[in-house]
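**Student:** One structure coming up, written as C-alpha cells, with questions to follow.
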Ligand SMILES: [Ca+2]
Ligand SMILES: [Ca+2]
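Numbering (our numbering), first residue to last: 1207 to 1862.
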C-alpha cells in the first residue's frame, strides 16, 4: 500500500468539514471527525433490472431481503436515473460522470465495435486509484472490448467478467448454437481475466454460473483488501437475457426464472455485505446499488417490471432510464430514509470524489455532488434537471416535476404481444408527439399538459436548447461544442502519405462543409491523412452532396493506381461514398474513365479509413478527375434513415 497517496486525515476533514458546516449538523460532523479510515466504495450495478424489481420498490413474485436490508440501513431513491436506457451509454455515464454524448459512447457496443471509452476520460476507478485505493471491476464491462479499452486501462487493478452483453453470442434464444442468420455473426462470448480471454460462455449452463462466479470474485477482492481502501465495481450480467441461475436458486421464486435470478442477485448482495461485516469495514464503506437501465419488456416473463412507469429499456420514457437506487453509508446516510429528489448515475463520480477527497477531472463533467442528499440535508436539491438522451437524440428534459418530451420515433412495448420463456416479442415503433408531463401528478406520462403551462414549456425548451449547444442532438442535427471523441481503435496510422499527387494543383468543384474544412482544397493533395477522430482538422467533410475534384500533376507519368482516402464512422453518420469514379487524361481533353468503385452502404460499426483505389492501366497520366457520390438520405438501417449523411475525405492519392 502506498501510504503517501492515501488522502491524509487532514485533507479529508477539510473536504467533508465544508459540507458539514454548510448543513450545520454537528452530530454528523462529529461522526466525520471521528473517522479514522478512508471510505471504501462498493458499486453494484444490475443489468436491465426494472424500477419495480426490488422488494422495497414493489417487486411481485420474488423477494430481495438483502437489498431491502440495504434500504433499511440506508437511503432509497425514488427519482434516480441511469443516464440512458441502454447498456454502454449508461455505463459510460456511471464511470465518467458525463452524459453519454459528451464522451461519445452511444447505444450498446457490439463485438464488432472499434471504439471504446477514450483513454483520456477519467473514471471513478482512476480517481480512487490516484488516492491509493485497490480497484476491481467484476462482471459486465461494455465500454469497449478491445484491449486498449478494457478495465485495466481505465484504472482497475483487476478485472473478471464479460466484455459486453451476455446475449451477444452465437446461440439462439432456445439455447441452441446457431450456424446461420444474424446471431451466427457473433464470435464466441469470452470471459475475461485481466486483459485475457480465459474461457468462452458457450451454453446456457455457462450463463447459470455467472452470478455465483462474479460474487466469489467480489467477495475475494474484499477479503484481500479489507485492510486498505478499496473500490469494487460489481456489474452483474443478470438479469439481462438470456437468464441464468444456479441450481440453488432455480425455482426459488413464485415469479419464475426472472424472479429466481433476482433472488440470486439479492443473495449476491448479501454475500458482499457479509464480506464487509466480516472484514470490519461496513461502517467505512459507501455501498451503492442501482441498475443500468429499465427492463426489456418484450421478453415478457423473462423481463422485469417498471411498476407504474411508462415503457422500458431502450426508450426515454420513465421506464427506460429511471431505476431503483439504494445507498448505504452507516452513520452518514440516515438509515431507512427515502429521497425523492432528482439524482442520476452521472452524479456518482463527483459525489465519490467529494467523499474521498479525490480531485475531479480537469475536463467538464455533467454530474453534481449529491452528498447533501445522502446526509439528509434539509431542502437540498443539488440536481434540478435531467437530460433524457438516447443514442445522441435529446428526447426529453426534466426540470423539477416537469418533463418535456420532444417529438421522436421510439421503440415501444405498447400494443405488441411480449415474448415468453426467453424468446422476444416484437417492438412497435411509433412516432410520439411533443408533450409536457407533470411527473408528480402523472408518473405514467399519460396526460399532456403543455397547453396549460406554456411558460414551463418555454423554460424547458430553452434548457434543451442549451443542452443541444453543448452536447448536440441527433433529432435536430446539432453538433455539440463540448463533445469529446470516443477511443478509436486501429487508426493510429502514419499521418502522412508519400504519393505522386502530393503538391499537385487541385480544383475541387465541391465546397467542404464549413464545420470541417480541413486546411482547404489543397489539403486533398498535401500527403496529410486524418486519424480516427473526424474532428482532427485533417478531414474535409461533405454533407449530403457529391464530391468532385480535378488534379493536374504538372507532367505526364505512369501511375499504377489512383484512390480516394475516406473515413467510415457510421455512428457519426459518416459513410464511405456510394460510388467513386476516376477518369484520367494525359492532355486534359481526352479522358479515360476507370472502373467505378461501388460501395453501397452496409451496417458496419468499425471506425476506419479506407483508400478506395482502382488500377489505372496503360498510358501516361497528367490529369486525374474524381467524382464520389454522397448520401442525400441515409439507408433504412441507419438511425438517421432518410436524413443526409456525411462523406469525409482527406486525400486524393496517386501511386506509381
Ligand atoms: Ca442494460
Ligand atoms: Ca490531406
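Heads up, the beta-carbon is just placed ideally off N, CA and C, and yes, glycines get one too.
Measure the beta-carbon distance from residue 1755 to residue 1712 and round it to whole angstroms, keeping in mind my assumption that it falls under 8 Å.
**Tutor:** Numbered from its first residue, the chain shown carries residue 1755 at position 549. Numbered from its first residue, the chain shown carries residue 1712 at position 506. Rounded, the Cβ-Cβ distance is 6 Å, consistent with contact.
**Student:** Would you call the stretch 1761 to 1774 and the stretch 1853 to 1861 touching, i.e. three or more CB-CB distances under 8 Å?
**Tutor:** Verdict: yes, contact present.
**Student:** Taking one C-beta from the stretch 1559 to 1569 and one from the stretch 1645 to 1656 each time, how about it: are there three or more such pairs within less than 8 Å?
**Tutor:** By the Cβ rule, the stretch 1559 to 1569 does not count as touching the stretch 1645 to 1656, because fewer than three pairs are nearer than 8 Å.
**Student:** So does residue 1729 have its beta carbon nearer than 7 Å to some heavy atom of ligand 2?
**Tutor:** Mapped onto the chain shown, residue 1729 falls at position 523. Because some heavy atom of ligand 2 lies under 7 Å away, the Cβ of residue 1729 counts as near it: yes.
**Student:** Tell me whether residue 1259 is buried or exposed, calling it buried when 16 or more other Cβ atoms sit within 10 Å of its Cβ.
**Tutor:** Position 53 of the chain shown, counted from the start, is the residue given in the question as residue 1259. Buried is the call here.
**Student:** With DSSP collapsed to three states, give me the class of residue 1732.
**Tutor:** Your numbering for residue 1732 matches position 526 in the chain shown. In the structure shown, residue 1732 sits in coil (DSSP, three-state: anything other than H, G, I, E or B).
**Student:** Sort 1780, 1571, 1449 by Cα distance to residue 1841 and report the nearest one.
**Tutor:** For the purposes of this step, residue 1841 is taken as the residue at position 635 of the chain shown. Looking at the Cα atoms, 1780 is the closest of the given residues.
**Student:** Could you please give the first and the last residue of the uninterrupted beta strand (DSSP E) stretch that includes residue 1833?
**Tutor:** Taking the chain shown and counting its residues from 1, one reaches residue 1833 at position 627. In the DSSP assignment, residue 1833 falls within the unbroken beta strand (DSSP E) covering 1827 to 1834.
**Student:** Roughly how many angstroms separate the alpha carbons of residue 1805 and residue 1834, rounded to a whole number?
**Tutor:** Start at 1 with the first residue of the chain shown, and residue 1805 comes out as number 599. Start at 1 with the first residue of the chain shown, and residue 1834 comes out as number 628. Spanning the two alpha carbons is a distance of roughly 10 Å.
**Student:** Hey, is residue 1545 close to ligand 1, as in C-beta under 7 Å from one of its heavy atoms?
**Tutor:** As a working note, residue 1545 is residue 339 in the chain shown. Because no heavy atom of ligand 1 lies under 7 Å away, the Cβ of residue 1545 does not count as near it: no.
**Student:** Confirm the yes/no value for this check: CB of residue 1429, any heavy atom of ligand 1, distance under 7 Å.
**Tutor:** Mapped onto the chain shown, residue 1429 falls at position 223. Outside the cutoff, so no.
**Student:** Could you work out which residue in 1407, 1337, 1444, 1409 is closest to residue 1421 when comparing CA atoms only?
**Tutor:** Working through the chain shown from its first residue, we reach residue 1421 at position 215. When C-alpha distances from residue 1421 are compared across 1407, 1337, 1444, 1409, the shortest belongs to 1444.
**Student:** Pull up the distance between the alpha-carbon of residue 1267 and that of residue 1507, whole angstroms please.
**Tutor:** Counting from 1 along the chain shown, the entry for residue 1267 is found at position 61. Counting from 1 along the chain shown, the entry for residue 1507 is found at position 301. Rounded to whole angstroms, residue 1267 to residue 1507 spans 11 Å at the Cα level.
**Student:** Please confirm whether any heavy atom of ligand 2 lies closer than 7 Å to the CB of residue 1857.
**Tutor:** Translated into the one-based positions of the chain shown, residue 1857 becomes position 651. Flag set: Cβ of residue 1857 near ligand 2.
**Student:** Taking 7 Å as the cut-off, is the CB of residue 1291 close to at least one heavy atom of ligand 2?
**Tutor:** Looking up residue 1291 in the chain shown gives position 85. Checking every heavy atom of ligand 2 against the Cβ of residue 1291, none is found closer than 7 Å.
**Student:** In this structure, how does DSSP classify residue 1849 when only helix, strand and coil are distinguished?
**Tutor:** Position 643 of the chain shown holds residue 1849. Under the three-state reduction of DSSP output, residue 1849 falls in the coil class, being neither helix nor strand.
**Student:** With C-beta atoms as the reference, is residue 1717 less than 8 Å away from residue 1663?
**Tutor:** Indexing the chain shown from 1 puts residue 1717 at position 511. Indexing the chain shown from 1 puts residue 1663 at position 457. Contact: no.
**Student:** Between residue 1551 and the rest of its own chain, which residues show a CB-CB distance below 6 Å, the 5 nearest in sequence each way excluded?
**Tutor:** Mapped onto the chain shown, residue 1551 falls at position 345. Result list for residue 1551: 1288, 1289, 1299, 1300, in chain order.
**Student:** Please report the straight-line C-alpha distance between residue 1313 and residue 1576, rounded to a whole angstrom.
**Tutor:** Against the chain shown, residue 1313 aligns to sequence position 107. Against the chain shown, residue 1576 aligns to sequence position 370. About 26 Å.
**Student:** Compute the minimum distance between the beta carbon of residue 1732 and the heavy atoms of ligand 4, and state whether it is under 7 Å.
**Tutor:** For ligand 4, the structure offers nothing, since it holds only ligand 1 and ligand 2.
**Student:** Would you identify the three-state DSSP class for residue 1468, choosing helix, strand or coil?
**Tutor:** To locate residue 1468, count along the chain shown from 1; it is residue 262. If DSSP states are grouped into helix, strand and coil, residue 1468 belongs with the helices.
**Student:** Below 8 Å between beta carbons: does that hold for residue 1495 and residue 1339?
**Tutor:** Taking the first residue of the chain shown as position 1, residue 1495 is located at position 289. Taking the first residue of the chain shown as position 1, residue 1339 is located at position 133. Contact flag unset, no.
**Student:** Provide the residue span of the alpha helix (DSSP H) that contains residue 1335, from first to last.
**Tutor:** Locating residue 1335 in the chain shown gives position 129, counting from the first residue. According to the DSSP assignment, residue 1335 belongs to the alpha helix (DSSP H) that extends over 1330 to 1335.
**Student:** Would you call the stretch 1332 to 1351 and the stretch 1409 to 1425 touching, i.e. three or more CB-CB distances under 8 Å?
**Tutor:** yes
**Student:** If you draw a straight line from the alpha carbon of residue 1239 to that of residue 1470, how long is it in whole angstroms?
**Tutor:** As a first step, residue 1239 is located in the chain shown; it is residue number 33 there, counting from the start. As a first step, residue 1470 is located in the chain shown; it is residue number 264 there, counting from the start. Note that residue 1239 scores a pLDDT of 43, beneath 50, so its modelled location is shaky; the value from the coordinates is reported in the next line. Looking at the two C-alpha atoms, the distance is approximately 38 Å.
**Student:** If you compare alpha carbons, which of 1641, 1624, 1276, 1244 is closest to residue 1335?
**Tutor:** The count along the chain shown starts at 1 and reaches residue 1335 at position 129. The residue among 1641, 1624, 1276, 1244 with its C-alpha nearest the C-alpha of residue 1335 is 1244.
**Student:** Taking only the alpha-carbon atoms, compute the straight-line gap between residue 1630 and residue 1511 and give it to the nearest angstrom.
**Tutor:** For this step, residue 1630 is matched to residue 424 along the chain shown. For this step, residue 1511 is matched to residue 305 along the chain shown. Their Cα atoms are separated by approximately 15 Å.
**Student:** Check each candidate in 1322, 1479, 1828, 1759 and name the one with the smallest Cα separation from residue 1732.
**Tutor:** For the purposes of this step, residue 1732 is taken as the residue at position 526 of the chain shown. Checking every option, the nearest Cα to that of residue 1732 belongs to 1759.
**Student:** Since residue 1309 and residue 1327 are thought to touch, with beta carbons under 8 Å apart, how far apart are those beta carbons, to the nearest angstrom?
**Tutor:** Taking the first residue of the chain shown as position 1, residue 1309 is located at position 103. Taking the first residue of the chain shown as position 1, residue 1327 is located at position 121. Residue 1309 to residue 1327, Cβ: 6 Å. Contact.
**Student:** How would you label residue 1350, buried or exposed, when you count the other beta carbons within 10 angstroms and need 16 or more for buried?
**Tutor:** To locate residue 1350, count along the chain shown from 1; it is residue 144. Buried.
**Student:** Is residue 1735 near ligand 2, in the sense that its beta carbon is under 7 Å from a heavy atom of that ligand?
**Tutor:** The sequence position of residue 1735 within the chain shown is 529, counting from 1. Yes, the Cβ of residue 1735 comes within 7 Å of a heavy atom of ligand 2.
**Student:** Check for me: the beta strand (DSSP E) holding residue 1396 runs from which residue to which?
**Tutor:** Here the question's residue 1396 lines up with position 190 in the chain shown. Taken as a continuous stretch (DSSP letters only), the beta strand (DSSP E) holding residue 1396 covers 1395 to 1399.
**Student:** Rounded to whole angstroms, what's the CA-CA distance from residue 1555 to residue 1303? Just pull it up for me.
**Tutor:** The residue you call residue 1555 lines up with position 349 of the chain shown. The residue you call residue 1303 lines up with position 97 of the chain shown. Using only the alpha carbons, I get a separation of about 5 Å.
**Student:** Hey, would you say the C-beta of residue 1442 is under 7 Å away from at least one heavy atom of ligand 1?
**Tutor:** Working through the chain shown from its first residue, we reach residue 1442 at position 236. Answer for residue 1442: no, Cβ out of range of ligand 1.
**Student:** According to DSSP, is residue 1659 part of a helix, a strand, or is it coil?
**Tutor:** The sequence position of residue 1659 within the chain shown is 453, counting from 1. When DSSP states are grouped into helix, strand and coil, residue 1659 belongs to the coil group.
**Student:** My understanding is that residue 1297 touches residue 1348, with C-beta atoms under 8 Å, so please give their C-beta distance in whole angstroms.
**Tutor:** To locate residue 1297, count along the chain shown from 1; it is residue 91. To locate residue 1348, count along the chain shown from 1; it is residue 142. Indeed they touch by this definition, with Cβ atoms about 5 Å apart.
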